[in-house]
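Peer 1:
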Amino acid sequence: MKKYIFIFLLLFSLGINAQNISGQAYYESKTTVDMEAFGGGNREMSEEMKKAVAQMMKSALEKTYILTFNQYESIYKEQETLDAGPVNPGFKMMMSSYTPGAQYKNLKTGQIVEENEFFGKQFLVTDTIQTLDWQTTNESKQIGQYIAFKATAIKKVDPNDYSMARPKKKDEKATTEVKKDSAQPQDPMDMIEIPEEILVTAWFTPQIPVSNGPGEFAGLPGLILELNVYRTTLLCSKIVMNPKDSEKIEPPKKGKEVTRAEYVKIVKEKTDEIRENFRGGGNGRRGGFGG
Numbered sequence: 019m020k021k022y023i024f025i026f027l028l029l030f031s032l033g034i035n036a037q038n039i040s041g042q043a044y045y046e047s048k049t050t051v052d053m054e055a056f057g058g059g060n061r062e063m064s065e066e067m068k069k070a071v072a073q074m075m076k077s078a079l080e081k082t083y084i085l086t087f088n089q090y091e092s093i094y095k096e097q098e099t100l101d102a103g104p105v106n107p108g109f110k111m112m113m114s115s116y117t118p119g120a121q122y123k124n125l126k127t128g129q130i131v132e133e134n135e136f137f138g139k140q141f142l143v144t145d146t147i148q149t150l151d152w153q154t155t156n157e158s159k160q161i162g163q164y165i166a167f168k169a170t171a172i173k174k175v176d177p178n179d180y181s182m183a184r185p186k187k188k189d190e191k192a193t194t195e196v197k198k199d200s201a202q203p204q205d206p207m208d209m210i211e212i213p214e215e216i217l218v219t220a221w222f223t224p225q226i227p228v229s230n231g232p233g234e235f236a237g238l239p240g241l242i243l244e245l246n247v248y249r250t251t252l253l254c255s256k257i258v259m260n261p262k263d264s265e266k267i268e269p270p271k272k273g274k275e276v277t278r279a280e281y282v283k284i285v286k287e288k289t290d291e292i293r294e295n296f297r298g299g300g301n302g303r304r305g306g307f308g309g
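Residue numbers (the numbering used here): 19 to 309.
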């Protein structure tokens with residue numbers, strides 16, 4: 019029965035004049051963090067520290083985003099709010115390197131342009147929309163007033179994307195070596211690892227026939243209403259169709275223009291520099307970018 023519902027909605031959506039479609043979709047992000055996994059080694063994390071880190075993660079990752087879209091274009095931005103609480107500057111900098119500002123997508127040209135601020139410098143990152151091999155299913159559920167269908171895909175992860183970081187599995191040999199020299203500062207980055215690929219689950223609705231979604235995600239026969247990426251879930255909480263007043267959809271223009279590969283290289287080099295400073299007790303060169 020669900021198969022026929024999916025086919026009916028798909029045929030119904032094809033009959034809609036998508037050229038006249040425009041709207042705004044609001045997404046709430048939620049990220050789960052297993053703080054127990056960060057214990058172990060010669061430096062157990064106290065309960066007080068776990069709570070502090072969990073609060074920082076919540077402030078940095080749990081936000082509201084707005085996707086303003088038409089048939090082929092979209093602009094995706096964080097909704098501006100007052101900060102919920104203080105966030106460690108270093109932690110905020112590291113997370114923001116892979117939590118971009120305004121993101122523009124053009125489905126017709128396959129282009130994505132996004133604003134990124136990293137270590138006090140603004141970048142304008144250009145790239146092509148990553149094509150995922152979506153596997154659609156007949157599984158459906160109701161999201162608000164829309165019927166949404168499930169689709170899954172495997173996404174390769176950039177090795178420097180710290181928003182995907184997870185606690186590294188305990189290595190008894192490595193733990194013993196650390197204990198031998200407890201005076202040596204332990205690099206926090208040695209405690210985490212980045213998965214090579216992750217499973218992405220999307221719920222899309224053919225009732226809104228635009229092949230778009232939050233962030234860099236697109237390519238399904240309907241607007242993505244819910245997205246599960248690793249530990250983060252983006253859930254559409256409100257949709258305003260054909261609003262009278264909405265933001266103009268155009269690529270952002272603020273920042274130094276770089277390609278995705280160039281930006282990844284910049285982030286890696288600066289991250290490596292910070293780690294060297296940490297290992298050297300803070301005696302290395304600090305500061306922002308030159309020039």
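Even glycine gets a Cβ: it sits at the ideal position worked out from N, Cα and C.
Within the continuous beta strand (DSSP E) that includes D145, where are the two ends?
Peer 2: K139 to T146 is the extent of the beta strand (DSSP E) around D145.
Peer 1: Within 10 angstroms of the Cβ of Q160, are there 16 or more other Cβ atoms? Answer buried if so, exposed if not.
Peer 2: The residue is exposed, with fewer than 16 neighbouring Cβ atoms inside 10 Å.
Peer 1: Applying the 10 Å Cβ sphere with the 16-neighbour rule, what's the burial state of T50?
Peer 2: It counts as exposed.
Peer 1: What did DSSP end up calling I292 once you bin it into helix, strand or coil?
Peer 2: Correct three-state label for I292: helix.
Peer 1: Thinking R184 and E211 are a contact (beta carbons under 8 Å), I'd like their distance in whole angstroms, please.
Peer 2: About 6 Å; that satisfies the 8 Å criterion.
Peer 1: Using only alpha-carbon positions, find the residue among T146, L85 and Q163 that is nearest to G119.
Peer 2: For the residues T146, L85 and Q163, the minimum Cα distance to G119 belongs to L85.
Peer 1: Using the beta-carbon count (16 or more within 10 Å), is E294 buried or exposed?
Peer 2: Burial call: exposed.
Peer 1: Can you check which of these residues, K288, V276, N88 and I284, is closest to D145 by C-alpha distance?
Peer 2: Checking every option, the nearest Cα to that of D145 belongs to V276.
Peer 1: So, Y90 versus C254, is the Cβ gap smaller than 8 Å?
Peer 2: No.
Peer 1: Where do the N-terminal and C-terminal ends of the beta strand (DSSP E) with E135 fall, by residue?
Peer 2: That run of the beta strand (DSSP E) goes Q129 to F136.
Peer 1: Which one of S229, Y122 and N88 has the shortest CA to CA distance from K95?
Peer 2: Taking only the C-alpha atoms, the option nearest K95 is Y122.
Peer 1: Residues in its own chain within less than 7 Å of P177 by CB, not counting five upstream and five downstream?
Peer 2: So the qualifying residues of the chain are I212.
Peer 1: Which residue from G162, L150 and K186 puts its Cα closest to that of A169?
Peer 2: Among G162, L150 and K186, the Cα nearest to that of A169 is on L150.
Peer 1: My output table needs one value for N60: the three-state DSSP class, helix, strand or coil.
Peer 2: Only weak support exists for where N60 lies, its pLDDT of 44 falling under 50; the coordinates are left without a value.
Peer 1: Going by C-alpha distance, which of V228, T250 and N38 is nearest L217?
Peer 2: L217 has its Cα closest to that of T250, out of V228, T250 and N38.
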